[in-house]
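Chemist:
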Amino acid sequence: MLSDLIKEVCEAVIAHEAELTALDSAIGDGDHGLNMKRGFSELLAKSDELAGQEVGAALKAAGMTLVMKVGGASGPLYGSLFMSLGKELAGKTEIDQSVIAEALAVAQAAVMARGKSQPGQKTMLDVIAPVQQKLAEGAALTDVAAAALAAAEATAPIQALKGRASFLGERSIGHVDPGARSSAVITEAACRVLERSG
Ligand code: ADP
Ligand code: MG
Numbered sequence: 057m058l059s060d061l062i063k064e065v066c067e068a069v070i071a072h073e074a075e076l077t078a079l080d081s082a083i084g085d086g087d088h089g090l091n092m093k094r095g096f097s098e099l100l101a102k103s104d105e106l107a108g109q110e111v112g113a114a115l116k117a118a119g120m121t122l123v124m125k126v127g128g129a130s131g132p133l134y135g136s137l138f139m140s141l142g143k144e145l146a147g148k149t150e151i152d153q154s155v156i157a158e159a160l161a162v163a164q165a166a167v168m169a170r171g172k173s174q175p176g177q178k179t180m181l182d183v184i185a186p187v188q189q190k191l192a193e194g195a196a197l198t199d200v201a202a203a204a205l206a207a208a209e210a211t212a213p214i215q216a217l218k219g220r221a222s223f224l225g226e227r228s229i230g231h232v233d234p235g236a237r238s239s240a241v242i243t244e245a246a247c248r249v250l251e252r253s254g
């Protein structure tokens, strides 16, 4: 299961390279697709090694790889997210939806601390926060995925207040945030695998 989870998440991110690049070209510097592809290709190359570890250790190692390989603003933020998730899930044997929700709450706080940011500022947090909330409510995984996709789309009318896009001021309005979109892509792939494996 862990092996499928890693592989399908990585493949989804890599498959969306062009779209993420296009989104970041509109309100950033156009590197989000390449940044994410570089990081998740490295995870894919390491997937057997990662999947051989306990979930917590695998997520921590994945986070460290992302910090080193993704770069940009998003690398340390996704790195914090996955390292924090790994730390929370380490040693847990019964990992159900409520345990994942609790771990994601801590990981979301880690991203907020690292980014000095909050949901509502047109960033990846605009997807991470509703995903955490849906998981905590015990929503079906298909609904969690749908909420993530909708939340990414809903960043379009927001004016960016953090990151490179904030330099555009009002001109950032009308475009989906690239990091929100990549978070939705990751969520959708993860929910698909988790749903399938029960
Ligand atoms: P860079 O902006 O350095 O080129 P990327 O293009 O890889 O890095 O990533 C940009 C994405 O990172 C944004 O779309 C946004 O979602 C996310 N981001 C940037 N700054 C922050 C922040 N302070 N808090 C949360 N997310 C952020
Ligand atoms: Mg960029």
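Here the working numbering = 1-based position in the sequence shown + 56. Even glycine gets a Cβ: it sits at the ideal position worked out from N, Cα and C. As the structure is a computational prediction, the values presented were derived from the model and not from experiment.
1. My output table needs one value for Thr211: the three-state DSSP class, helix, strand or coil.
2. Using three-state DSSP, classify Gln177 as helix, strand or coil.
3. Comparing the CB of Leu122 with every heavy atom of the ligand ADP, is any distance shorter than 7 Å?
4. Could you check if Asp80 is buried or exposed, using at least 16 other CB atoms within 10 Å of its CB as the buried criterion?
5. Please report the distance separating the alpha-carbon of Pro147 from that of Ser154.
6. When DSSP labels each residue in this structure, what does Val126 get in the three-state scheme?
7. DSSP state of Gln109, grouped into three classes?
8. So which of Met168, Lys218, Ser238 and Leu137 has the shortest CA-CA distance to Ala74?
9. So does Asp38 have its beta carbon nearer than 7 Å to some heavy atom of the ligand MG?
10. Hey, Ser137 and Thr121: beta-carbon distance below 8 Å or not?
11. If you compare alpha carbons, which of Arg248, Ala236 and Ala246 is closest to Gly89?
Modeler: A quick look at the data gives this:
1. coil
2. coil
3. no
4. buried
5. The identity of residue 147 in the sequence shown is Gly, whereas the question assumes Pro. Looking at the two C-alpha atoms, the distance is approximately 16 Å.
6. coil
7. coil
8. Ser238
9. Because the chain spans 57 through 254 in this model, residue 38 falls outside it and cannot be assessed.
10. Residue identity check: residue 137 is Leu in the sequence provided, not Ser. No, the Cβ-Cβ distance between Leu137 and Thr121 is not below 8 Å.
11. Ala236
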